[in-house]
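Report on the structure given below.
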Amino acid sequence: MVVPELRPWRAARPHVVRIADAVRPRLARAAAAAKPRIARLARAGKPQVARITRPKTWQYTAGATTAGLALAAGVVTAAGPWDSSGQRTAERDRAVALGRVGGTDHGRAPGAPAQPRPAPSAGPVLTGLGGVSTVKSAPDGKALANTLTPLLEDPALGPRPAAAVVDVTTGRRLYGTASDAPLTPASTTKIATAVAALSVMGADHRLTTRAALEPDTKEVVLVGGGDPTLTAREASEGWASLRTLADRTAAALAQRGVRDVTLSYDTTLYAGSQKHPIGVNPNLALVSPLMADEGRTNDSTSGPVRRVTDPAADAARRFGDFLKARGIAATSPGPSKATTRAKTLATVASPPLSALVERMLTDSDNDIAEALARQTAIATGHRADFAGADRAINSRLRTLGLPVKGAAFKDGSGLNRADRLTADLLTALLAKAADPAHPELRPALTGLPVAGFTGTLTTRYADGAAGVVRAKTGTLTGVNTLAGTVVDQDGRLLAFAFMANDTTNPEAAQKALDRAATTLAACGCR
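The structure is reproduced here in structure tokens:
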């Protein structure tokens, strides 16, 4: 599977002026259309905004001070991209790059050096997500078909591509071709994983790793809680830290007068095989409830890389080293299971599920995807293995009223070629995530990569729809998919899914999908 790594913000600097000039007229038109609804959406979204706060927001802002990524500052519109606080991320970052002061602080201490200056707050932009839109009517289906059909007949997209376009405000399908055909979705599967996990656990849910002391034995058990973002690095950057857990554990042991322990680790939260059906692969580690830095063997945070052979043992060994550095002697760790009598010494918790979902979607992170599939199984009473996750996701989406006929979730990441989704299901997932009745699902939209700016779309859409298309990519050999949202020329929010199987030229297929999404964004289609 091809998973491009998230590139530094500065990679897009040469495109900033061209992108801003290209989209500014459209954004201004959409702003006028959306203005009557912005205040209402701000009030409606305020409780959710307070709950979902991403720990890395200030880091994106800091990156923008160097790179100058963005659209024109001060243009508040209905068009994406947006973040989970309701701000236009591109406008905010552009304002920082221009050195303007005011608005949201993002955690900066007054007078502190080497931190971003506060960016002006942008207004809410989730227009079209509730009630009846005040912008012009949705595109005409016939006109849309006349526009998209020739593009989807590109031979690069294989013998029978599938597509669907939905008006997010009404949920009405505007365009479809083979939209009910179950196809291999590749990484667009992660949209389904995100919606299922968020719907059952909520955006505020956190995954906890703990250290427990077995009474009368001096055995300390490191208990895996399924947090795939647990890190052993010195700079934790807001993620749960194995070093912090060691600090707290050592302090708790010292209070009890314990200076030497037998160290064990517990991975019994998950069941079944840890090995993905594709086998050992640099795109993911063994699926374990205990791992540090996704078992990576270098300092990378995304993309394929060689992984350690036993993530749980590796994490426990590092934890033992941290304990020793804090004055607690520990034996070499071995597998065990914490008893019900074990007393918790210390815990560390992941950021909220909203942040994990966003990282999973932006970076196409397979380790997070498999962890969230397992967590969904656990939360719904299914066995925490691949088969249980399949049943749990399918059942949860059916409960949400989504069209799951023909769907199969053989994993949570989309690496398994036996996965099946339809274009109808993908667009329904996106529309459901935008539904005001389900604010807990919103991270399934805010985490989508932004064309030309973030994640797996960083190097795509250098022209045209950069900054306007938000979409999840999917790529396996012979499989190319794209699903996301666009705001059209009239300010209407549309969800789309384009799926191609049996492709022979991945680059040509990718460009064909991008042309279709760009055309949709530029469409008035009356």
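Residue numbers (numbering that gives the first Met the number 0): 0 to 525. No residue lacks a Cβ here, since even glycine has one placed at the ideal position from N, Cα and C.
Within the same chain, L5, T361, D362 and P448 come within 6 Å of G454 by CB-CB distance, once the 5 residues on both sides are set aside.
Between the segment 156-174 and the segment 483-494, the count of C-beta pairs closer than 8 Å reaches three or more; the two stretches touch.
The beta carbon of A345 is closer than 6 Å to those of A210, L244, R247, T248 and A251 in its chain, skipping five residues each way along the sequence. K342 carries a strand assignment under DSSP once its states are collapsed to helix, strand and coil. Counting only the Cα atoms, C522 lies some 43 Å from R295. Between L399 and K431, the gap from beta carbon to beta carbon is short of 8 Å. A163: member of the beta strand (DSSP E) spanning A161 to D166, first to last residue. CA-to-CA, the gap between I377 and A368 works out to about 14 Å.
Bounds of the beta strand (DSSP E) holding N500 are L492 to N500.
Annotation for A210: no alpha helix (DSSP H) segment contains it, though the beta strand (DSSP E) segment containing it runs T207 to E213.
Scanning its chain for C-beta atoms nearer than 7 Å, with the 5 sequence neighbours on each side dropped, one finds around N500 the residues G157, L182, T183, G477 and V478, in chain order. With respect to the 8 Å criterion, A144 and R525 are not classified as neighbours on the basis of their beta carbons. Here D259 carries a strand assignment [DSSP, helix/strand/coil]. Only residues of its own chain outside the window of five on either side were considered, and among them T502, N504, A507, A508 and A511 have a CB closer than 7 Å to the CB of A155, listed in chain order. The beta carbons of P402 and L424 sit closer together than 8 Å.
Residue state for N365 is assigned as helix, using DSSP reduced to three classes. Counting along the chain, V467 sits inside no alpha helix (DSSP H), nor does DSSP assign it H or E at all.
Secondary structure of N504 (DSSP, three-state): coil. DSSP places L322 in the uninterrupted alpha helix (DSSP H) bounded by P310 to A324. Membership of T176 in the beta strand (DSSP E) is indicated by the continuous run R172 to T176. When the five nearest sequence neighbours on each side are left out, the beta carbons in the same chain lying within less than 8 Å of the beta carbon of T230 are those of E236, W238, A239, S240, L241, A291 and D292, in order along the chain.
A residue is called buried once 16 or more other Cβ atoms fall within 10 Å of its Cβ, and P149, having fewer, is exposed. K342 places its beta carbon less than 8 Å from that of P214. Within the same chain, V403, A406 and F408 come within 7 Å of N393 by CB-CB distance, once the 5 residues on both sides are set aside.
G224 and P288 have their C-alpha atoms roughly 6 Å apart. Beta-bridge analysis with DSSP links A407 to R419. The beta carbons of A162 and A180 sit about 10 Å from each other, so the pair does not count as a contact at 8 Å. For V467, the closest of T474, V199 and G483 by C-alpha to C-alpha distance is G483. Non-local beta-carbon contacts of S412 in its own chain, meaning distances under 6 Å to residues more than five positions away in sequence, involve N365, A368 and E369 in chain order. Short of 6 Å from the beta carbon of L456, and not among the five residues preceding or following it, lie these beta carbons of its own chain, in chain order: P448 and A450.
Leaving aside the five residues that flank R325 on each side, the residues in its chain whose CB is nearer than 7 Å to its CB run, in chain order, A245, D246 and A249. Between A464 and A372 the beta-carbon gap is near 31 Å, outside 8 Å, which marks them as no contact.
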